[in-house]
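Enquirer: In the working numbering, the protein residues as written are 1476 to 1706.
Handing you a structure now.
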């Protein structure tokens, strides 16, 4: 028997916050400042690869968020052939454009308000550090609309480890069967949550296909409240 839904757990980046658009804005500024003529998709992919390589150092506390950025851009620009790259200057350039482009995904605040009004408990569960993620939530007042925020350094393990979702459920005082995870990552927000005993809704803004058709999906956050009546 499916338990009544009592809680909704959200991913942050590219679920409530438009991180992809902000990243592209930062990379455009970096490319212009550095004289690069790399196709945007390639630059984005190379940048993402360096994030994946450096994040473990950040998560283990070996680097601060700022130091991780400096290392990331030093490595990226070196890889792209920029002689003697200034990682500090590159960080300032990228970060300025990235911050200027900050935006929540359309409907984020309204959906959170509607779900709270319906009596659901809400959390954000993110695989990134609080130093960065708390700023995003506070900037748009989203922190005041959720009951708990769990960042990567505050859970026993990152998504898709079941312990991450169970920590979020514990913070909301619900069982996994009473919660649904909402996010854009098929692996981290859908598959991981389902293995941990939660329901899941996939934020599929790009219209991807070929994955499990039984998983509810939305292309816009505004569609979430109605869909939750069905999961």
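Using N, Cα and C, we set each Cβ at its ideal position, and we do this for glycine too.
Note that this is a predicted model, so its numbers are computed, not measured.
Identify the residues that DSSP records as bridge partners of residue 1654: which are they?
Expert: Mapped onto the chain shown, residue 1654 falls at position 179. Beta-bridge annotation (DSSP): residue 1654 is paired with 1482.
Enquirer: Could you give the first and the last residue of the continuous beta strand (DSSP E) run that contains residue 1624?
Expert: Here residue 1624 corresponds to residue number 149 of the chain shown, with the count starting at 1. 1623-1625 is the span of the beta strand (DSSP E), which, as asked, contains residue 1624.
Enquirer: Using only CA atoms, which one of 1646, 1697, 1498, 1492 lies nearest to residue 1597?
Expert: Position 122 of the chain shown, counted from the start, is the residue given in the question as residue 1597. When only C-alpha atoms are compared, the closest one is 1646.
Enquirer: Three or more C-beta pairs closer than 8 angstroms, one from the stretch 1633-1649 and one from the stretch 1606-1615: is that the case here?
Expert: Pairwise C-beta distances place the stretch 1633-1649 out of contact with the stretch 1606-1615, as fewer than three of them are shorter than 8 angstroms.
Enquirer: Hey, would you say residue 1648 sits closer than 8 angstroms to residue 1656, going by beta carbons?
Expert: Position 173 of the chain shown, counting from 1, holds the residue named residue 1648. Position 181 of the chain shown, counting from 1, holds the residue named residue 1656. Contact: no.
Enquirer: Decide if residue 1653 is buried, meaning its Cβ has at least 16 other Cβ atoms within 10 Å, or exposed.
Expert: One-based indexing of the chain shown puts residue 1653 at position 178. The residue is buried, with at least 16 neighbouring Cβ atoms inside 10 Å.
Enquirer: Measuring CB to CB, does residue 1586 end up less than 8 angstroms from residue 1700?
Expert: Position 111 of the chain shown, counted from the start, is the residue given in the question as residue 1586. Position 225 of the chain shown, counted from the start, is the residue given in the question as residue 1700. For residue 1586 and residue 1700, yes; Cβs fall inside 8 angstroms.
Enquirer: Using the beta-carbon count (16 or more within 10 Å), is residue 1552 buried or exposed?
Expert: In the chain shown, residue 1552 corresponds to position 77, counting from 1. Classification of residue 1552: buried, given that the 10 Å Cβ count is 16 or more.
Enquirer: Return the residue from the list 1679, 1619, 1570 that minimises the CA-CA distance to residue 1607.
Expert: Locating residue 1607 in the chain shown gives position 132, where the first residue counts as 1. The shortest C-alpha separation from residue 1607 is found at 1570.
Enquirer: Between which two residues does the beta strand (DSSP E) harbouring residue 1599 extend?
Expert: By one-based count along the chain shown, residue 1599 stands at place 124. DSSP places residue 1599 in the uninterrupted beta strand (DSSP E) bounded by 1596-1600.
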